[in-house]
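To keep things clear, I will list the structure first and then write my remarks on it.
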Amino acid sequence: MEARGVDVEQIAAELYGMKPSEFIAARDAYAAQARQAGDKQTARRITELRRPTLAAWAANLIARNDPDETERFLRLGQALREAHRTLDPARLRELSHQQHQVITTLARNAVTLAEEAGQPVTEGVHQEVERTLRAVLADPATAEGWAAGCLVKAGDVSIGFAGLEPEVAPPRSATTRRSAPDGADTGSPRAPSAPAIGSAEKKKGTKERARREAARKAARTAATEAGEKEHALRVVEQEHERATTRLADAEERIATLRTQLDQAREDRTAARSQANETAKRVRTAEKEAKSARRAADVATRAVDTTGDIG
17 MEARGVDVEQ
27 IAAELYGMKP
37 SEFIAARDAY
47 AAQARQAGDK
57 QTARRITELR
67 RPTLAAWAAN
77 LIARNDPDET
87 ERFLRLGQAL
97 REAHRTLDPA
107 RLRELSHQQH
117 QVITTLARNA
127 VTLAEEAGQP
137 VTEGVHQEVE
147 RTLRAVLADP
157 ATAEGWAAGC
167 LVKAGDVSIG
177 FAGLEPEVAP
187 PRSATTRRSA
197 PDGADTGSPR
207 APSAPAIGSA
217 EKKKGTKERA
227 RREAARKAAR
237 TAATEAGEKE
247 HALRVVEQEH
257 ERATTRLADA
267 EERIATLRTQ
277 LDQAREDRTA
287 ARSQANETAK
297 RVRTAEKEAK
307 SARRAADVAT
317 RAVDTTGDIG
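Spelled out as structure tokens, the structure:
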């Protein structure tokens, strides 16, 4: 692990590929070697590298291991940001549905990669990986760090796409000022002067722009809320699926235990029957042994008596 002559970006790429639990020790070792080599600036830059959260590290594994999927995900983020800026309802619905499917798949893949690397992942971290990937879609800076495989943590994912400024149509040109021919007098009330017309048009334009901006804001809010609700639905569905799986496993174990219990009861009945039978045989054998002992005693006494007579 030689720091001198090694680019800090290369060191960062190596460090962010390690498990978070290994990050600090490896980083400090690189920094120490740089200091020993007299390169204090490199040592300082290395020391400034921050350890990634477990969720960010797991999300980075996707970018590090699947460049094609990474590129597709980045394009999806660009399309989503563009759709939110232009407030295209049909496009937003299509991309939002695609977003949730892709995030679910990528988060699951990230968890698998983490566990294959020897890093267990809890359900809470799994959900944090999903939030991190949503931040990648919404925030170009987060997307850049993730694409490099060096994301430290997700940004403020609660903002989502709501912070994007929509495209504003250029203001319409002011209405051409109208004036009556010189000296003309129709006898009817005088038409509003040009300044008055301009003021009225300006007020009307201001109200129209305010109305459009309010509509855009409402659309952004509705799209964000819809995304959050859809995510909450998927979380609940996943929890329900896991609970259903646990229930099925428990019922299977119960069925297995019942089968084992039934077998044990049958074994107990057979053993009891055998014990009763052997108990009878023991009593019979005891009687026979006593009878044989008495017969042997009688025979012994008879032998002794015969010997005395002789």
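In my numbering, the protein residues as written are 17 to 326.
We put the CB at the ideal spot given by N, CA and C, even for glycine.
Fair warning: this is a prediction, and the values are worked out from it, not measured in the lab.
Subject >> Own chain, CB closer than 6 Å to His-142, minus 5 neighbours either side, in chain order >> reply: Val-127, listed in sequence order.
**OP:** Classify Ala-133 as helix, strand or coil using the three-state DSSP reduction.
**Re:** Ala-133 falls in the coil class under three-state DSSP.
Subject >> Rounded separation between Asp-313 and Ala-286 - CA only >> reply: 40 Å
**OP:** Please state if the CB of Asn-81 and the CB of Trp-162 are separated by a distance shorter than 8 Å.
**Re:** no
Original post:
Do Leu-103 and Arg-232 have their C-beta atoms within less than 8 Å of each other?
Top reply: yes
Original post:
Between the beta-carbon of Arg-67 and the beta-carbon of Phe-39, is there less than 8 Å?
Top reply: yes
**OP:** Would you mind sorting Gly-134 into buried or exposed? The rule is 16 or more other CB atoms within 10 Å of its CB.
**Re:** exposed
**OP:** Please say whether Gly-93 and Leu-153 have beta carbons closer to each other than 8 Å?
**Re:** yes
Original post:
Where does the unbroken alpha helix (DSSP H) through Ala-42 begin, and where does it stop?
Top reply: 36-52
Original post:
Helix, strand or coil: which one does DSSP assign to Asp-278?
Top reply: helix
Original post:
Using the rule of at least 16 other Cβ atoms within 10 Å of the residue's Cβ for burial, across every protein chain shown, is Ala-151 buried or exposed?
Top reply: buried
Subject >> Contact belief for Ile-78 with Leu-122 at Cβ below 8 Å, rounded distance in angstroms >> reply: Contact holds; Cβ gap of about 6 Å.
**OP:** Identify whether Asp-104 lies in helix, strand or coil by the three-state DSSP scheme.
**Re:** coil
Subject >> Closest by C-alpha distance to Ala-130, when choosing among Thr-63, Gly-33, Ser-215, Ala-74 >> reply: Ala-74
Original post:
Run through DSSP, which three-state label would Asp-155 get?
Top reply: In the structure shown, Asp-155 sits in coil (DSSP, three-state: anything other than H, G, I, E or B).
**OP:** Report the three-state DSSP secondary structure of Lys-306 (helix, strand or coil).
**Re:** helix
**OP:** Under the assumption that Leu-167 contacts Ile-119 (Cβ atoms under 8 Å), give the Cβ distance between them as a whole number of angstroms.
**Re:** Wrong, their Cβ atoms sit about 15 Å apart, outside the cutoff.
**OP:** Report yes if the C-beta distance between Leu-90 and Gln-115 is below 8 Å; otherwise report no.
**Re:** no
Original post:
Cβ of Arg-101 within 8 Å of Cβ of Leu-65?
Top reply: no
**OP:** Taking all protein chains shown into account, decide if Ala-159 is buried (16 or more other Cβ within 10 angstroms of its Cβ) or exposed.
**Re:** Buried.
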